[in-house]
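Per the numbering used here, the very first residue in the sequence shown carries number 30; after that it's consecutive.
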Amino acid sequence: MKDFTPQPPAQGCRNAPVLKERGQREVFCGLTGIIWLHRKMQDAFFLVVGSRTCAHLLQSAAGVMIFAEPRFGTAILEEKDLAGLACANEELDREVDRLLARRPDIRQLFLVGSCPSEVIKLDLHRAAERLTERHAPHVRVMNYSGSGIETTFTEGEDACLACMVPTLPATDERQLLLVGALPDVVEDQALGLLRDMGVSPVRCLPAHRAAEVPGVGSNTVVALTQPFLNETAQHLERRGARILPAPFPFGEEGTTAWLWAVAQEFGVDADTFARVTDAPRARARKAIAAAAETLRGKSIFFFPDSQLEIPLARFLTRECGMTAVEVGAPFINKQIVGPDLDLLAEGPVIAEGQDVDLQLDRCRAARPDLTVCGLGLANPLEAEGMATKWAIELVFTPVHFYEQAGDLAGLFARPLRRRALLTGLEGAA
Numbered sequence: 030m031k032d033f034t035p036q037p038p039a040q041g042c043r044n045a046p047v048l049k050e051r052g053q054r055e056v057f058c059g060l061t062g063i064i065w066l067h068r069k070m071q072d073a074f075f076l077v078v079g080s081r082t083c084a085h086l087l088q089s090a091a092g093v094m095i096f097a098e099p100r101f102g103t104a105i106l107e108e109k110d111l112a113g114l115a116c117a118n119e120e121l122d123r124e125v126d127r128l129l130a131r132r133p134d135i136r137q138l139f140l141v142g143s144c145p146s147e148v149i150k151l152d153l154h155r156a157a158e159r160l161t162e163r164h165a166p167h168v169r170v171m172n173y174s175g176s177g178i179e180t181t182f183t184e185g186e187d188a189c190l191a192c193m194v195p196t197l198p199a200t201d202e203r204q205l206l207l208v209g210a211l212p213d214v215v216e217d218q219a220l221g222l223l224r225d226m227g228v229s230p231v232r233c234l235p236a237h238r239a240a241e242v243p244g245v246g247s248n249t250v251v252a253l254t255q256p257f258l259n260e261t262a263q264h265l266e267r268r269g270a271r272i273l274p275a276p277f278p279f280g281e282e283g284t285t286a287w288l289w290a291v292a293q294e295f296g297v298d299a300d301t302f303a304r305v306t307d308a309p310r311a312r313a314r315k316a317i318a319a320a321a322e323t324l325r326g327k328s329i330f331f332f333p334d335s336q337l338e339i340p341l342a343r344f345l346t347r348e349c350g351m352t353a354v355e356v357g358a359p360f361i362n363k364q365i366v367g368p369d370l371d372l373l374a375e376g377p378v379i380a381e382g383q384d385v386d387l388q389l390d391r392c393r394a395a396r397p398d399l400t401v402c403g404l405g406l407a408n409p410l411e412a413e414g415m416a417t418k419w420a421i422e423l424v425f426t427p428v429h430f431y432e433q434a435g436d437l438a439g440l441f442a443r444p445l446r447r448r449a450l451l452t453g454l455e456g457a458a
C-alpha cells in the first residue's frame, strides 16, 4: 500500500532547544483580522469599541471607499468616555440599537475590544450578553479582544473564532470540521478535493452565514487550516472535538500530508487518494520549481509576527531549497505545529517570543538573503541593504493548498529578484 506520509529528516526540530525571549516586541494590531473575517462572514458586523486611531487603521488597511458600506465600524470612545464622565454602556447600547435598525441584514454582531476599551475596563462580555437578550433571536451578539497590547495580529482571528465555539450547537454527527478563515477560492478547492475523495460531511468555521454555523461534539474531527488558532483549538477540545495532527497545507508536501491525514481518518484508500491528488500535486511541484530557481541555496530569517513562521520554514527549506537561519514565532504550541517541526531539519535557531533589539543584532550578524518581518522593521532593514518580505502579506494573500503553492513560493522569490535587479542597476550606474 502506498504511503503519502512525508519522510522526516534524520533529526527534526520538535525537541530542539527553544530560545525564549521576553522583551520589547514589534507587533501589529489584532484588529487587522477584521479585514479578512468580515469578507468571510457575510451577515456579520464587527463593531470596534475604540479610538479614532482604530477607525483609521481599519479604513486604511481595508482600503474602503467613502461610498462603500462595509460590515465593520468603530464606536468611538471620546474624552468624556475615557474620563468616566459618561456611561459607556448606555452609549454603546444606543449605538448598537442605531446600527441594527439601519442594517437589518446583520445576524451576528461582534463587539471587538481595543486597547482603549480594555484600559478603561469596559466589560464587553456583559454588554454582549445584555444586547443578545435585547436583540435575540434575530441577532446574536458576541465579543472578543482585538487589542494589540499583548497579542500579535493573527490572534484577532483566533479570539473571534474562540468566542463563537461556546455558541455552536451540539451534534453527535461524525464530521470533519475545517477551522480557519480561508479565501473563498481556496476553501472551494479544499472542499472539492475532500468531496472527490469521498470525505463527508465537511463543515467550515467560520461559516459564510449564521444559519450555516456547524455543530460540534465528540464525533467532530477538526482539521486546522491556520497554525495560530491555539485558543480556538482548546475551546473545541472542551466541546469534545478532536484535533487532527498534521502539517499545515502550505506547498505540495504540506498539502499532501494534510489531506493524507484526513484521508486516513476517514478511511480513504491510497488509490482513491492518488487519483484525486496526482494532477494537482504535479501542477504544484511544477509551479514551485519555477520560484525555487531563485530561492535554492538562499538563507532566510524569520522574525516572530504571524505564527505562520514554522510551517513556512518547513515549506521553504524542504520544497524550495532554502536554509533557515532563525525561525522566530510569537508562540509555539507543539500540539499544533509539532508535525511541521518534525519535518523541519535541525539547524536553525527556534525562538519563541521576542526581544526585538537582540533579534535585530542576530539578524544583522547573520546577514540572511531574505528576512521575513513586520512592516515596522522592513524599511529600516531594506535601508541597510537587506531584502525583506512583509509577514502580513502572507495572511492577506491566498497561499494554502496545491493551486496556490507556486504563488506562495513566488512571494518569497520576488524580493530576491527585486534586490538582484536593484543591485544590477546600481552596478551599472
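We put the CB at the ideal spot given by N, CA and C, even for glycine.
- Leaving aside the five residues that flank Gly41 on each side, the residues in its chain whose CB is nearer than 8 Å to its CB run, in chain order, Leu370, Asp371, Leu372, Leu373, Ala374 and Glu375.
- Counting every other CB atom within 10 Å of its CB across the protein chains shown gives Gly403 a total of 16 or more, marking it as buried.
- For Cys349, no beta strand (DSSP E) run applies, since DSSP gives it neither H nor E.
- Judged by pairs of C-beta atoms under 8 Å, the segment 167 to 185 touches the segment 61 to 76, as three or more such pairs exist.
- Taking the CA atoms as reference points, Ala219 sits about 17 Å from Pro256.
- For the set Asp298, Glu338 and Lys363, the Cα lying nearest the Cα of Val424 is the one of Glu338.
- DSSP places Ile178 in no alpha helix (DSSP H); its state is neither H nor E.
- Using a Cβ-Cβ distance cut-off of 8 Å, the segment 134 to 146 and the segment 72 to 83 are in contact, since at least three pairs of beta carbons, one from each stretch, lie closer than that value.
- With a cutoff of 8 Å on beta-carbon distance, His429 and Thr254 are scored as near each other.
- By DSSP's assignment, Met171 forms a beta bridge with Phe139.
- The three-state secondary structure of Cys116, taken from DSSP, is coil.
- Checking the DSSP bridge columns, you'll see Lys49 partnered with Glu381.
- Three or more Cβ pairs closer than 8 Å define a contact, and the segment 326 to 336 meets that threshold against the segment 179 to 187.
- Counting along the chain, the unbroken alpha helix (DSSP H) around Ile63 starts and ends at Ile63 to Lys69.
- Taking C-beta atoms as the reference points, Leu387 and Met351 fail to come closer than 8 Å.
- From the listed residues Gly405, Arg132, His167 and Gly382, the smallest Cα separation to Gly52 is found for Gly382.
- According to the DSSP secondary-structure assignment, Leu399 is paired through a beta bridge with Ile329.
- Within the same chain, Cβ atoms closer than 7 Å to the Cβ of Gln433 are found at Val215 and Pro427, the five residues on either side in sequence being excluded.
- Burial is judged here by how many other beta carbons sit within 10 angstroms of a residue's own beta carbon; Cys233 has at least 16 and is buried.
- The three-state reading of DSSP puts Gly41 in strand, counting E and B together.
- DSSP places His154 within a helical segment (H, G or I) once states are collapsed to three.
- Using a 10 angstroms sphere on the CB of Glu348, the tally of other CB atoms reaches 16 or more, which defines it as buried.
- Straight-line measurement puts the Cα of Leu87 at about 11 Å from the Cα of Gly59.
- For Leu288, the enclosing alpha helix (DSSP H) starts and ends at Gly280 to Glu294.
- Sixteen is the threshold: when 16 or more other Cβ atoms of the shown chains lie within 10 Å of the Cβ of Cys392, as they do, the residue is buried.
- Annotation for Trp287: Ala252, Ala275, Pro276, Phe277 and Pro278 place their beta carbon closer than 8 Å to its own, counting only its chain and skipping 5 residues before and after.
- Shown here for Ala313: same chain residues with a beta carbon closer than 6 Å to its own, the five before and five after excluded, namely Glu281, Tyr431 and Ala434 in chain order.
- Of all alpha-carbon atoms in Ala308, Pro359 and Ala311, the one lying nearest the alpha-carbon of Phe332 is that of Pro359.
- The continuous stretches of beta strand (DSSP E) do not include Gln336, and DSSP gives it neither H nor E.
- Taking C-beta atoms as the reference points, Pro133 and Leu197 fail to come closer than 8 Å.
- Asp201 has its alpha-carbon roughly 8 Å from the corresponding atom of Thr249.
- Excluding five sequence positions before and after Arg268, the CB atoms of its chain that fall closer than 6 Å to its own CB belong to Val245, given in chain order.
- Separation of the CB atoms of Gly357 and Ala380 is rounded to 4 Å, and the pair is thereby assigned contact status at 8 Å.
- Cβ atoms of Ala318 and Ala442 stay farther apart than 8 Å, at about 11 Å.
- The C-alpha of Asp32 lies about 48 Å from the C-alpha of Val168.
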